[in-house]
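In the working numbering, the protein residues as written are 18 to 541. C-beta atoms are modelled at their ideal positions from N, C-alpha and C, and glycine is treated no differently. Read through the structure below, which is laid out as structure tokens, and then see the notes.
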Ligand code: MSP
């Protein structure tokens, strides 16, 4: 039975360049959260897509000598493009929106007109500073050392006729939303928003442009195209069918349960988006979660800085699941983290090859070696030896759930690995090889191996949202049926039948030679 609906989104990506590991981080995290909710029994809508308009794309297309549409088509649909990457990374999105899709264009024109008709959009003159790479307007006071506060690059003077959205009108309501509800998380981002943007006075927002043409035309004022944030943010409702007839899930899924976004676009999602929705008279999303950046050498990865890491190369070399796992296990989701190849290889070796991989293969091998693959039903518990492992495994689902519900996938994984490490230690403590030598200890040996299988079952079934394919292999090796490997079964100890039969399988996470791998990666 469905536990209800759950609508979760990623930011829609600019297809101005191929995506890098930082984008992959955000989408993998959202995918793990979406899979987690599906596993719990929610009827999930997971949306991702691409944000295809704006001057940056117009300029890039001109440089490449193609039309903007040809340019984005290539990056989104082409070989090793955005869609290919999400397929490779096993991203389980239910829908993919492109802001150049006809239904979205039609809906944006309706939304823009509705905001205009209710008096929240008016015509004025835009004077300010513009950061081209970020497509952001800034006031003088927002600049940092005269440069873009987001990316640190040069900004340009800008002045043109433009439509404005009365963001200032919603300042008090938005402040109340931020300060007095748990709309925005982590909470540290609330102070950032209130102090940097609301307290200095919210200015009205420029929402149309006349100096480029690659955008959705304002249908009642030719020459203006909708400036990118109204176009981009509205994707979350147009993709459900708001303002169009392509889809019909708006009533079912809106308001969204959570928008997962990177920290530099929290401002748009937690101030502008609620204000737009208030103006349209629509319900607000339940939550915006602003995650940190994956950094390289202390700086944010970006194509223009040239310090990007190619997710295709890493996934193909080390496996999609290993890469997905590394991203979620290593970096606390709400803060920045420093990527390095060394950290990637070490995490694969320590957690996956040594701890999890070894536990699975030792356990399965011992069941085969000592009992021909099928455990006998006789048991002998030794509470002093078993209690800690059994207690940890039995309690895992609750602590994991708590962490996942608080958007802390790293902590959820840490809890699962406590069980895995404890199980490895339990092997050393109980020394099954010694028990196997003594005929009178067969029942004890069977108990030890059963406890190991149960610990693996519970931990690995909760790792499914992070490593779907590898965990499926673990499931079949430990002889668990699908229904013994889901959310409900993860909350119970003793689910595998007493006479469970295991199946010897391939090594799931091979150990890597750190030095050799680092050299190979550096010489790519
Ligand atoms: N098009 C806008 C989003 C519109 S949502 C209505 C956009 N696109 S983006 O391609 O530049 O970035 C998409 C997401 O990727 C953002 O959430 C951004 O924070 C995230 N990341 C880009 N580089 C990143 C890292 N190095 N690390 C973590 N996330 C990063 O913004």
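Compare the beta carbon distance of residue i and residue j with 8 Å and say whether it is the shorter of the two.
| i | j | result |
| --- | --- | --- |
| residue 167 | residue 151 | yes |
| residue 380 | residue 466 | yes |
| residue 522 | residue 490 | yes |
| residue 231 | residue 85 | yes |
| residue 2 | residue 477 | Missing from the structure shown is residue 2; the chain here goes from 18 to 541 and no further. |
| residue 544 | residue 485 | Lying before the first or after the last residue shown, residue 544 is absent from the chain, which here runs from 18 to 541. |
| residue 495 | residue 481 | no |
| residue 427 | residue 502 | no |
| residue 65 | residue 27 | yes |
| residue 332 | residue 365 | no |
| residue 29 | residue 67 | yes |
| residue 395 | residue 463 | yes |
| residue 305 | residue 219 | no |
| residue 284 | residue 210 | yes |
| residue 6 | residue 401 | Within the shown structure, residues of the chain are numbered from 18 to 541, placing residue 6 beyond reach of any answer. |
| residue 431 | residue 526 | no |
| residue 504 | residue 169 | no |
| residue 275 | residue 392 | no |
| residue 172 | residue 291 | no |
| residue 183 | residue 221 | yes |
| residue 254 | residue 271 | yes |
| residue 277 | residue 43 | yes |
If I follow the unbroken beta strand (DSSP E) through residue i, where does it start and stop?
| i | result |
| --- | --- |
| residue 278 | 275 to 279 |
| residue 64 | 60 to 67 |
| residue 146 | 138 to 148 |
| residue 259 | Here residue 259 belongs to no beta strand (DSSP E), and DSSP marks it neither H nor E. |
| residue 171 | First-last for residue 171: undefined, no H or E at that position. |
| residue 24 | 22 to 26 |
| residue 115 | 112 to 115 |
| residue 306 | 305 to 308 |
Measure the alpha-carbon distance for residue i versus residue j and round it to whole angstroms.
| i | j | result |
| --- | --- | --- |
| residue 62 | residue 414 | 23 Å |
| residue 441 | residue 105 | 32 Å |
| residue 185 | residue 141 | 15 Å |
| residue 109 | residue 212 | 37 Å |
| residue 188 | residue 215 | 7 Å |
| residue 70 | residue 116 | 7 Å |
| residue 335 | residue 416 | 29 Å |
| residue 351 | residue 460 | 47 Å |
| residue 342 | residue 483 | 6 Å |
| residue 301 | residue 146 | 30 Å |
| residue 479 | residue 397 | 28 Å |
| residue 129 | residue 139 | 11 Å |
| residue 45 | residue 377 | 25 Å |
| residue 47 | residue 280 | 15 Å |
| residue 143 | residue 73 | 19 Å |
| residue 16 | residue 265 | For residue 16 there is no data in the structure shown, the boundaries of the chain being 18 and 541. |
| residue 439 | residue 328 | 32 Å |
| residue 204 | residue 196 | 9 Å |
| residue 358 | residue 225 | 43 Å |
| residue 223 | residue 360 | 43 Å |
| residue 60 | residue 268 | 14 Å |
| residue 362 | residue 538 | 11 Å |
| residue 425 | residue 419 | 9 Å |
Taking residue i as part of the alpha helix (DSSP H), name the residues at either end of that continuous run.
| i | result |
| --- | --- |
| residue 190 | 188 to 197 |
| residue 440 | 426 to 447 |
| residue 340 | 337 to 347 |
| residue 42 | 38 to 57 |
| residue 311 | It is not in any alpha helix (DSSP H) - residue 311 instead sits in the beta strand (DSSP E) that spans 311 to 313. |
| residue 379 | 375 to 388 |
| residue 362 | 358 to 364 |
| residue 401 | 400 to 422 |
| residue 92 | 85 to 94 |
| residue 473 | 459 to 480 |
| residue 121 | 119 to 134 |
| residue 592 | In the structure as shown, the chain starts at 18 and stops at 541, and residue 592 therefore has no counterpart that could be examined. |
| residue 485 | 485 to 494 |
| residue 533 | 531 to 539 |
| residue 290 | 290 to 297 |
Please tell me whether residue i has its Cβ less than 8 Å away from any Cβ of chain D.
| i | result |
| --- | --- |
| residue 478 | The chain inventory of the structure shown lacks chain D, comprising one protein chain alone. |
### the segment 375 to 387 in contact with the segment 441 to 461 per 3-pair CB rule at 8 Å
Contact between the segment 375 to 387 and the segment 441 to 461 is present, because at least three Cβ pairs lie under 8 Å.
### Task
Mind the definition here: the segment 240 to 250 touches the segment 89 to 106 only if three or more C-beta pairs lie below 8 Å; say whether that holds.
At 8 Å Cβ cutoff, the stretches do not touch.
### Message
With three or more beta-carbon pairs closer than 8 Å as the criterion, would you say the segment 259 to 270 touches the segment 120 to 127?
### Response
A contact exists between the segment 259 to 270 and the segment 120 to 127.
### Message
So, does the segment 301 to 319 touch the segment 28 to 39, judging by three or more C-beta pairs under 8 Å?
### Response
Judged by Cβ distances under 8 Å, the segment 301 to 319 makes contact with the segment 28 to 39, as three or more pairs qualify.
### Message
Three or more C-beta pairs under 8 Å: does that hold for the segment 400 to 407 against the segment 527 to 534?
### Response
No: the two stretches stay apart, fewer than three of their Cβ pairs being nearer than 8 Å.
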